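Quick note on the numbering used here: the sequence shown kicks off at -19 and runs consecutively.
Where a beta carbon is used, it is the ideal one built from N, C-alpha and C, also for glycine.
Just so it is clear, the structure is predicted and the values come from calculations on it, not from any experiment.
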Amino acid sequence: MNFNDLREYMRISVEGTANSFSNDVESFIGLMSASGVNQSEIKNILRNDLTERGRIFGSLKNNSASTIRNGMENASNVSTRQAYEKAGIKRFRWVSAGGKVCPDCENRAGVVGEMGYFDSIGLPKSGFSVCGRNCQCQLVPVGYKTEGNIIRKEKPKKEYIGKGLFKAGFAKTKASAQRWAEANQKEGKRGYKFGDDVERFRGSVKKYNNYNRYKSMTLEQCNLVNELLEECNKFCDDNRLPRIRGVGSDPRNSVNASMGDGLLNINKGMLRTPDHIVRRYTKDASEGLHSWSVKRHFVTLENNQELMTKSTFWHEIGHHVHQQKGIFTKDEYLGGTFRSKTPFEKKISSFKRKMQKELDNFRGDPLDKERLMRKIFPSQYSMKNEKEWFAECFSLFKMGRKDLLHPKFLQFLDDNGIT
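Okay, here's the thing in structure tokens:
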């Protein structure tokens, strides 16, 4: 093979890939039409196949990549062959290589001959063998030392991180992103000792260890949530809290997300578009945003969707903290004493009353009082109740904005072992 032959080889390969793709599309459209599916729905199915790299468009991508890869390898082989010819090397030896050498290539291992002979019986990667374009065999000059006529290459072992096959945020499919979340959730140092059959909030048994929300999110959104879950898992382990045990969907469209019984429910709108999330964060704009709503200002200032998603995520983890901290047994979890408030929620209520009293008793400059109010209540929503107040402050704490919080709140977290 020379470069002219390679040019013709590439032309035929590209045409073959294009024709195969065209036939797949025509066949699919014909079958769908024969089944009674309308043209509009067929377009939507093909569009989803393109977006999700399904059977049709995924095959086109894989075949195109294979053609390009083989073309580059053949170009390298042609250049090597020309270099051998200039050096006067005429006789070559067939060396079979690969993780699993096919029978055709194994029979040729050690065969010696001139290049013309190998041209006539089929060069490596020419398609003569069972392994076809995946052939890894080489023709080396006679006298060139190798480990043998058959070199078996072991596949590199995959790097396991925890029980996942990859690091959070690097999944290539939504299914693999969901598997990562499910596997890493089970690695928590402390589980739910009261059992998976116990319901306390709005969670249902079938949602435990279920990450069904991933199916309706984009791959980018799945990876973002996994990055946050990885950080959340470490936080839960360090603070003796059970890990989140499910990511589902919240049927209510009026909220971005909700948390209960270790289940994080996400409204897809929270992850949709920057404009959508901004509208959710400023939905009470008609009533007028108070000047002290510093968290809302901080989050919407850069119109950053990722920042807004993180803010909502850590707000919900704040609810997870006050719902689960200090609870270790089923009796504690369901007992009458803790049914309305957990021990930590009682501490939050008491501490918030003290902070409110400090604000009410302030008699200094009105501007100083406004600054104090901003530190105690970083958002309008934080005034709703003590649980939302804690969740709003906690989200700022986890996002690294301690400068927006009252020093006493930071001390409160430290006193209760929250890092």
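Best match in the options for proximity to residue i [C-alpha to C-alpha]
i      : options                           : result
Val205 : Asn(-1), Asp(-15), Leu244, Phe215 : Leu244
Gly380 : Gln360, Ser291, Lys388            : Ser291
Arg61  : Ala14, Leu(-14), Asn192           : Leu(-14)
Lys195 : Ile246, Asp217, Ala148, Arg223    : Ile246
Leu199 : Thr153, Arg354, Tyr(-11)          : Thr153
Leu40  : Glu65, Arg49, Asp394, Ser0        : Ser0
Residue i: first and last residue of the uninterrupted beta strand (DSSP E) it sits in
i      : result
Leu243 : 243 to 246
Val17  : Taken as a continuous stretch (DSSP letters only), Val17 belongs to no beta strand (DSSP E), as it is neither H nor E.
Ala237 : 237 to 240
Glu94  : 92 to 94
Ser76  : 71 to 78
CB contact flag (residue i, residue j, <8 angstroms)
i      : j      : result
Glu325 : Lys367 : yes
Phe370 : Gly298 : yes
Leu221 : Val301 : yes
Gln303 : Arg225 : no
Ser46  : Arg113 : yes
Ala89  : Ile130 : yes
Lys193 : Gly228 : Note that residue 193 is Arg in the sequence shown here, rather than Lys. Going by C-beta atoms, Arg193 is nearer than 8 angstroms to Gly228.
Phe342 : Lys349 : yes
Cys202 : Ala151 : yes
Lys327 : Asn396 : yes
Glu53  : Lys105 : yes
Where residue i falls, given that 16 or more other Cβ within 10 Å makes a residue buried
i        : result
Phe(-17) : exposed
Lys263   : For Lys263, the predicted model reports a pLDDT of 49, less than 50, meaning its position is unreliable and no value from the coordinates is stated.
Thr124   : Reading off the sequence, residue 124 comes out as Tyr, not Thr. Classification of Tyr124: exposed, given that the 10 Å Cβ count is below 16.
Ile356   : buried
Lys378   : buried
Glu210   : buried
Pro323   : exposed
Thr399   : exposed
Gly242   : buried
Val92    : exposed
Arg354   : buried
Lys382   : exposed
Ala421   : In this structure the chain extends from -19 to 399, so residue 421 is not present and cannot be described.
Endpoints, the alpha helix (DSSP H) within which residue i is located
i      : result
Arg333 : 323 to 340
Gln116 : That residue, Gln116, is in no alpha helix (DSSP H); it is neither H nor E in DSSP.
Lys388 : 387 to 395
Asp345 : Note, Asp345: premise wrong, no alpha helix (DSSP H); not H, not E.
Met52  : 35 to 66
**OP:** Answer yes if the region 152 to 163 comes into contact with the region 111 to 130, meaning at least three C-beta pairs across the two stretches below 8 angstroms, and no otherwise.
**Re:** no
Subject >> Contact the region 27 to 39 vs the region 73 to 93: 3+ CB pairs below 8 angstroms >> reply: no
Original post:
Three or more beta-carbon pairs under 8 angstroms between the region 61 to 73 and the region 11 to 29, yes or no?
Top reply: no
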